[in-house]
Each structure stands twice: as C-alpha cells, then as structure tokens.
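In what follows, a single structure is set out as structure tokens and then discussed.
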Amino acid sequence: TYSHDYGALYASESAYFKDLQNISDVVKQQTGLTPNIIRFPGGSSNTVSSNVPGLMTRLAKAVQERGYQYYDWNGDSTDASGNHVAVDKLIRNGTSCHDNNVMILCHDTQAKDTTVQALPAIIEHYKNLGYTFKGIDDATYAPHQSVNN
54 TYSHDYGALY ASESAYFKDL QNISDVVKQQ TGLTPNIIRF PGGSSNTVSS
104 NVPGLMTRLA KAVQERGYQY YDWNGDSTDA SGNHVAVDKL IRNGTSCHDN
154 NVMILCHDTQ AKDTTVQALP AIIEHYKNLG YTFKGIDDAT YAPHQSVNN
C-alpha cells in the first residue's frame, strides 16, 4: 500500500482500495507496469483491522477478484519488532523457516540497517540448504496466513 497507515487503511474496503490505487498509480508511472502483487500491512492475519468486523475476510477475497495476489510470510526476520534489531537475532529468526518454499518478512527502511547486515548470512544459510532465490511472479508460491477478521 501507499501509506502503511493501519488506521486509515483498515477503516473500510474503500479506504484500503483507495490507498492501494495510490501506490498502483506510482508503480505504473515509475515502471510502466501495472502491479498485481501485494502484501497487506500487518499481513492478512493482522488484528489491527478488527475495528471493522470481517474486513480482512472481505479484503482477502476482493483483492483476488480484482486480479491481485497477496503474499504473507512463513518466515520472519522479526525486524518489525523495532529499529536497529541485533544482527544475530535477525539471522537466528530469519533462518528458522523449514518449509519447502520460504517467504521471509523483512523491511526496507533507513532504520532497518541491521536487516541489510543480516541478509547475507540469511541468504547463505538457505543457499547451503539448496534453496534458490527468485523474483516474485505469477507462478510464485503465495503463503497465506489465517485471516483473523
């Protein structure tokens, strides 16, 4: 989404799609491509949307009806727990997934400098286990968490 403002995004379906359209317009303007891949802020299992009963259930269905695929994660670096999280913690958490297809949650902001430092070790760990790294496309495994609302 454009804002990642939970209160505004999850106020209603129309608020969510307005924000999604904003980022879609920016991506289209910058790349010439219309995006169809998204991640819900907080994941599809978020509880911040609970102020609007059933909202995430409706959004999870509606985004797919509109041609989007949403991705959650089945591995978590835990870098969302704070800024400048210790590198060793990020590596430990980022290498703890043992699924056949791994989608690790990491964030890309200036305050996540330790995530950038941890990534080489996380990548090397999975490469040593025989995993390969690919860009997300229409054939990519899409982990979905249990929708709580």
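In this note's numbering, each residue's number is its place in the sequence shown (first place is 1) plus 53.
Note that beta-carbon positions come from the ideal geometry of N, C-alpha and C, so glycine has one too.
Cβ-Cβ separation, residue j to residue i (assumed contact under 8 angstroms), whole Å
i: M109; j: N181; result: That belief does not hold up - the Cβ atoms of M109 and N181 are roughly 36 angstroms apart, past 8 angstroms.
i: A113; j: V200; result: 5 angstroms
i: I189; j: I90; result: 6 angstroms
i: Q170; j: V140; result: 5 angstroms
i: T168; j: S130; result: 6 angstroms
i: W126; j: G96; result: 7 angstroms
Three-state class that DSSP yields for residue i in the structure shown
i: D132; result: helix
i: Q198; result: coil
i: I176; result: helix
i: Y124; result: coil
i: I144; result: helix
Per DSSP, cross-strand counterpart(s) of residue i
i: L158; result: D129
i: I189; result: In the DSSP output, where bridge partners are listed per residue, I189 has none listed.
Alpha helix (DSSP H) segment containing residue i, residue limits
i: S67; result: E66 to T84
i: K114; result: L108 to E118
i: A61; result: Y59 to L62
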